[in-house]
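*Asks:*
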């Protein structure tokens with residue numbers, strides 16, 4: 002399987018876009034558990050970074066990018082340009098994290 006080019010820019014330097022395959026998305030919604038919430042609240046009081054939340058965010062972002070890339074492959078693309086990543090907190094108590102990656106799937110010449 003060939004490496005797919007993923008970029009936030011609208012073009013790829015030195016390459017020509019031959020065909021636009023459409024917009025592709027990758028979405029991940031993950032729950033954050035009580036222990037992480039408790040540890041994060043302590044960090045808020047004493048200061049410092051919340052490693053557990055950071056790890057959850059990194060994991061969710063990676064999964065959203067992988068899902069977007071797979072959907073681009075299914076359309077016959079070999080690159081995704083103009084990638085944007087959005088983060089939202091969902092749920093009654095903000096206990097769910099949603100990460101969405103989107104971009105334009107393209108076929109390069």
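Residue numbers (our numbering): 2 to 110. Each residue gets a CB set at the ideal place from its N, CA and C atoms; glycine is no exception. The structure presented is a predicted model; accordingly, all values stated were derived computationally and were not measured.
(1) DSSP state of residue 78, grouped into three classes?
(2) Is there contact between the region 65 to 84 and the region 20 to 30, where contact requires at least three CB pairs shorter than 8 Å?
(3) Cα separation between residue 11 and residue 81?
(4) Would you decide whether residue 110 is buried or exposed? Buried here means 16 or more other CB atoms lie within 10 Å of its CB.
(5) Quick one: residues in its chain with C-beta nearer than 8 Å to the C-beta of residue 133, no 5 flanking neighbours on either side, listed in chain order?
(6) Leaving aside the five residues before and after residue 64 along the sequence, list all residues of the same chain whose C-beta is less than 7 Å from its C-beta, in chain order.
*Replies:* If we stick to the structure as given:
(1) coil
(2) yes
(3) 9 Å
(4) exposed
(5) Past the boundaries of the shown model lies residue 133; the chain is included only from 2 to 110, so the question cannot be answered.
(6) 29
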